[in-house]
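Undergrad:
Residue numbers (our numbering), protein chains in the order written: chain A, 1 to 205; chain B, 1001 to 1641.
1) Looking only at DSSP bridge pairs, what is residue 1500 (chain B) linked to?
2) Going by beta-carbon coordinates alone, are residue 1314 (chain B) and residue 1302 (chain B) separated by less than 9 Å?
3) Indicate whether residue 1076 (chain B) and residue 1128 (chain B) have their beta-carbon atoms separated by less than 9 Å.
4) Go ahead and label residue 1197 (chain B) buried or exposed: buried means 16 or more other beta carbons lie within 10 angstroms of its beta carbon, across all protein chains shown.
5) Terminal residues of the continuous alpha helix (DSSP H) containing residue 1268 (chain B)?
6) If you draw a straight line from the C-alpha of residue 169 (chain A) to the C-alpha of residue 110 (chain A), how long is it?
7) If the cut-off is 9 Å on Cβ atoms, which residues from the segment 63 to 81 of chain A count as contacting chain B, listed in chain order?
8) Would you mind telling me which residues of chain A sit closer than 9 Å to residue 1270 (chain B), beta carbon to beta carbon, in chain order?
9) Could you check whether the segment 1420 to 1433 of chain B touches the segment 1253 to 1265 of chain B, counting it as contact only if at least three pairs of C-beta atoms, one from each stretch, sit closer than 8 Å?
10) What residues in its chain sit with their C-beta under 7 Å from that of residue 128 (chain A), if we drop five residues either side in the sequence?
11) Pull out every residue of the segment 1478 to 1489 of chain B whose Cβ sits closer than 8 Å to any Cβ of chain A, in chain order.
12) Examine the Cβ distances between the segment 1174 to 1190 of chain B and the segment 1283 to 1301 of chain B and report whether three or more of them are shorter than 8 Å.
13) Pull up the CB-CB distance for residue 56 (chain A) and residue 73 (chain A), whole angstroms please, since I reckon it's below 8 Å.
14) List, in order along the chain, the chain A residues whose C-beta lies closer than 9 Å to that of residue 1472 (chain B)?
15) Could you tell me which of B:1552, B:1528 and B:1568 sits nearest to residue 1539 (chain B), measuring between CA atoms?
16) Residues of the segment 1509 to 1534 of chain B in Cβ contact with chain A at a cutoff of 8 Å, in chain order, please.
17) Residue 1568 (chain B) and residue 1614 (chain B) look like a contact to me (Cβ under 8 Å); what is the Cβ gap, rounded to whole Å?
18) Starting from residue 41 (chain A), find everything on chain B with Cβ-Cβ shorter than 9 Å and list it in chain order.
19) Could you check the C-alpha separation between residue 1150 (chain B) and residue 1067 (chain B) for me, to the nearest Å?
20) For residue 1023 (chain B) and residue 1056 (chain B), what's the separation of their Cα atoms in angstroms?
21) If you run the structure through DSSP and keep just helix, strand and coil, what is residue 1192 (chain B)?
22) For the pair the segment 60 to 80 of chain A and the segment 1341 to 1352 of chain B, tell me if three or more CB-CB distances fall below 8 Å.
23) The alpha helix (DSSP H) with residue 1307 (chain B) in it runs from where to where?
24) Measure the C-alpha to C-alpha separation of residue 187 (chain A) and residue 138 (chain A) and round it to an integer number of angstroms.
25) Pick from B:1594, B:1083 and B:1051: whose alpha carbon is nearest that of residue 1144 (chain B)?
26) Since residue 1256 (chain B) and residue 1215 (chain B) are thought to touch, with beta carbons under 8 Å apart, how far apart are those beta carbons, to the nearest angstrom?
27) In the DSSP assignment, the beta strand (DSSP E) including residue 1254 (chain B) goes from what residue to what residue?
28) Which one of B:1237, B:1543 and B:1518 has the shortest CA to CA distance from residue 90 (chain A)?
29) DSSP three-state label for residue 994 (chain B), please.
30) Taking the alpha carbon of residue 1305 (chain B) as the point to measure from, which residue in B:1296, B:1327, B:1284 and B:1285 has its own alpha carbon closest?
31) Hey, how far is the Cα of residue 1010 (chain B) from the Cα of residue 1160 (chain B)?
32) Which residues share a DSSP beta bridge with residue 1031 (chain B)?
33) Would you call the segment 1333 to 1345 of chain B in contact with the segment 1504 to 1523 of chain B, where contact means no fewer than 3 C-beta pairs closer than 8 Å?
34) I need the straight-line Cα distance from residue 1273 (chain B) to residue 1279 (chain B), nearest angstrom please.
35) When DSSP labels each residue in this structure, what does residue 1051 (chain B) get in the three-state scheme?
36) If we count the other Cβ atoms within 10 Å of its Cβ and call it buried at 16 or more, is residue 1041 (chain B) buried or exposed?
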């Protein structure tokens, strides 16, 4: 495997060609914060939280480190003021619908987000959906809706076949704990997802 | 029909078509583009068939139903060749007159002609200012061909560029010409097409794809639609030439399902080209094979983004990919895929036939050729216009567009679709090209151009476009999904009179992250409507927030209507027309608007007779106390009804 040399936060890092900046940094002991990243899954680039600043040939720009592949001579800075500003805003935007992340928010100096949104406690990182599809190959979870209406939902037709009963691995990948909190005790006691959804709808009204 | 097996066969075919056509024979062309279709061109066409046979002209006069002529504002458009007499707003009831007066007696039907501002009529299409100042090199043939007839296209020299490319040029030479022509992508980004072609050509892999992006989704834009509907073979010819240069043998036309006529016409075009041997195996006997499939889009705006479009072609949900590798290298099924917009492809045959020098002679230093714009909004002549790059906004809006409706004042022009920007009056002399528009915070986009007058609220406009984008964002990445959501929230509250100090700065803060951190171009450009209106119309934002005033009088929460007691003549028109019965009064009794009931629809303001002008719209100031109920009208002397 061809090796590539790059600099991350001033440190010389050698990485295999084809690795991402995030992986290269990790191997050099440099932590880049992530939310939608999962090493078992294909890079997704949804939360943009692992944004870093790269420069090559005098031009610098922001890229997400979980997707961008290492290049020879690349200079990566993982915590420039610009990067921190972006991460802080992203976190503040996510906190509007997922206040459960408030501890992380505090680490970035956000005491009270300036935004309001419907509280879903889901940041749509898609780890549950992707884990179920890519690792379990069950496809019991999916995204529905577009834009602000995007949600994660169980696919009733798949769930009804019983694939979820002994699995529950999506619980572990959920960074906000929404899936275990809202699914367990309801669905997995033998109640259909569609019933849970119907109950939830009834509650709302 | 035997397949054409050589360029000589094609030329023979063309001569054969021409020999059956008399250039001096009268031909009535009826625009059947979507605009004119909606305005009743079908009935006009039927009426012509009937009237021609009634007057014994059947067979002596041809009828041709063509694609969009562009002057949609005044449709249905009928042009009579060879004289090029242009009749506008033709109804079926006008047809007997046109047939007996113009076709039989060779006289003009004055009432259907274009009238300029002085009332002078203009008979020839090319003399009408709307057409006169255009350079319709790509769009012009729309008026001359029946899009369902490949023979019409061949008669005008169609597919000769393909023959030239296949037999007189190597793929490298074709590529070189497109590069030298500096043809830039007409779909949005303005990326040099030749460079993109070269990337796909040089990318490793045996299977490569070429794709037509006809997923036009900008509100108010219909250039690609009209081109694909009106001249599908020009797009197809460009695509085949591109495939030859790139080394691709399979292509896709991604067209929106919401464009049924485009789907129909392009399907017919593929079938005909196939039959003529212009598509499929061994095209024109050259040994080059190329096939095209149509992929119908399911209505997502974001699918116009190249990687999302390619994901959709693969049969998955049309969402952009996060990869930093170009689709030109890794696109459909991870194979090199060259995607260009409809207009870009349709320009290619012109470059091949008329040469690089001709093409680079049109336009500006960095933007060559012409661009089709969809000129809409508060302008007199709305429609599709094709102008050389570098024409000023002023010339497009005033010379071609005929200025602002109802003599109102120009306020702004929005270019580039929902992710474009709003440009103010002091930029009206700006030459329109890719770089100039980007410099001032807007963009060329696919060519939307929405003209706004003094009655437009710029905060409301930003809100409109952001609302559109919040619906159309795929929702995958946070800065786009949540960023746009919060921008809409803030714009909503500003328009509702609940804006807070610091809101403008907060908007700018979100914009920065959405622009810098979003996954695809939709998110990266989504802040443009906000940023450009904040940049050029900051005072208007401030008025909304600080004085709770909407200077244009648009934002309902910030305007009020009242009736001036000394002017009201108690005509009872507003009283009867008010949809919520908020107006009280009676004959001879001054009318009063109940502010609590009023929904601010503005009907009273519209219907109050101009000679009274008793209804007043205000914003940012308190409503004056109403006169006591039962106050009698002060009659205007001599103006009593």
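Virtual Cβ for every residue (Gly too), placed ideally from N, Cα, C. These numbers were taken from a predicted model, which means no experiment stands behind them.
TA: Working from what's here:
1) The residue you call residue 1500 (chain B) lines up with position 500 of the second chain. DSSP lists no partner for residue 1500 (chain B).
2) By 1-based counting over the second chain, the position of residue 1314 (chain B) is 314. By 1-based counting over the second chain, the position of residue 1302 (chain B) is 302. Result no, Cβ atoms of residue 1314 (chain B) and residue 1302 (chain B) do not sit closer than 9 Å.
3) Position 76 of the second chain, counting from 1, holds the residue named residue 1076 (chain B). Position 128 of the second chain, counting from 1, holds the residue named residue 1128 (chain B). Cβ atoms of residue 1076 (chain B) and residue 1128 (chain B): not closer than 9 Å.
4) Counting from one through the second chain, the residue named residue 1197 (chain B) turns up at place 197. Answer is buried; the Cβ neighbour count reaches 16.
5) Within the second chain, numbered from 1, the residue matching residue 1268 (chain B) stands at position 268. From DSSP, the alpha helix (DSSP H) with residue 1268 (chain B) extends over 1260 to 1275.
6) Residue mapping note: residue 169 (chain A) aligns to position 169 of the first chain, counting from 1. Residue mapping note: residue 110 (chain A) aligns to position 110 of the first chain, counting from 1. One C-alpha to the other measures close to 31 Å.
7) 63, 64, 66, 67, 68 and 69
8) Position 270 of the second chain, counting from 1, holds the residue named residue 1270 (chain B). None at all; the shortest Cβ gap to chain A is about 31 Å.
9) no
10) To locate residue 128 (chain A), count along the first chain from 1; it is residue 128. Hits under 7 Å: 141, 152, 170, 173, 174 and 179.
11) 1478, 1479, 1481, 1482, 1483, 1484, 1485, 1486 and 1489
12) no
13) As a first step, residue 56 (chain A) must be located in the first chain, where it is residue number 56. As a first step, residue 73 (chain A) must be located in the first chain, where it is residue number 73. About 6 Å; that satisfies the 8 Å criterion.
14) In the second chain, the residue the question calls residue 1472 (chain B) occupies position 472. The answer, in chain order, is 146 and 147.
15) Taking the first residue of the second chain as 1, we reach residue 1539 (chain B) at position 539. Closest by alpha carbon: B:1552.
16) 1509, 1510, 1512, 1513, 1516, 1517, 1518 and 1519
17) As a working mapping, residue 1568 (chain B) is identified with position 568 in the second chain. As a working mapping, residue 1614 (chain B) is identified with position 614 in the second chain. Contact holds; Cβ gap of about 4 Å.
18) Position 41 of the first chain, counted from the start, is the residue given in the question as residue 41 (chain A). Those within 9 Å of residue 41 (chain A) in chain B number zero; the least Cβ separation is about 12 Å.
19) Within the second chain, the letter at position 150 stands for residue 1150 (chain B). Within the second chain, the letter at position 67 stands for residue 1067 (chain B). The straight-line gap from Cα to Cα measures roughly 13 Å.
20) One-based indexing of the second chain puts residue 1023 (chain B) at position 23. One-based indexing of the second chain puts residue 1056 (chain B) at position 56. Straight-line Cα distance between these residues: approximately 20 Å.
21) Position 192 of the second chain holds residue 1192 (chain B). The answer is strand: DSSP assigns residue 1192 (chain B) an E or B state.
22) no
23) As a first step, residue 1307 (chain B) is located in the second chain; it is residue number 307 there, counting from the start. Its alpha helix (DSSP H) spans residues 1306 to 1313.
24) Against the first chain, residue 187 (chain A) aligns to sequence position 187. Against the first chain, residue 138 (chain A) aligns to sequence position 138. Caution applies to residue 187 (chain A), whose pLDDT of 47 falls short of 50 and renders its modelled position unreliable; the value that the coordinates give is listed next. In a straight line, the C-alpha of residue 187 (chain A) is about 17 Å away from that of residue 138 (chain A).
25) In the second chain, counting from the first residue as 1, residue 1144 (chain B) sits at position 144. Looking at the Cα atoms, B:1083 is the closest of the given residues.
26) Working through the second chain from its first residue, we reach residue 1256 (chain B) at position 256. Working through the second chain from its first residue, we reach residue 1215 (chain B) at position 215. Between residue 1215 (chain B) and residue 1256 (chain B) the Cβ distance is about 6 Å, and since that is below 8 Å, they are a contact.
27) In the second chain, the residue the question calls residue 1254 (chain B) occupies position 254. From DSSP, the beta strand (DSSP E) with residue 1254 (chain B) extends over 1250 to 1256.
28) Start at 1 with the first residue of the first chain, and residue 90 (chain A) comes out as number 90. Ranking the options by Cα distance to residue 90 (chain A), first place goes to B:1518.
29) Look at the range of chain B in this structure, 1001 to 1641, and you will see that residue 994 (chain B) is not part of it.
30) Taking the first residue of the second chain as position 1, residue 1305 (chain B) is located at position 305. Measuring from the Cα of residue 1305 (chain B), the nearest candidate turns out to be B:1327.
31) As a working mapping, residue 1010 (chain B) is identified with position 10 in the second chain. As a working mapping, residue 1160 (chain B) is identified with position 160 in the second chain. Cα to Cα, residue 1010 (chain B) sits roughly 8 Å from residue 1160 (chain B).
32) By one-based count along the second chain, residue 1031 (chain B) stands at place 31. For residue 1031 (chain B), which the question treats as bridged, DSSP gives the partners B:1066.
33) no
34) For the purposes of this step, residue 1273 (chain B) is taken as residue 273 along the second chain, with counting starting at 1. For the purposes of this step, residue 1279 (chain B) is taken as residue 279 along the second chain, with counting starting at 1. Spanning the two alpha carbons is a distance of roughly 5 Å.
35) Numbered from 1 along the second chain, position 51 holds the residue referred to as residue 1051 (chain B). Note: residue 1051 (chain B) maps to helix in three-state DSSP.
36) As a first step, residue 1041 (chain B) must be located in the second chain, where it is residue number 41. Residue 1041 (chain B) should be labelled buried.
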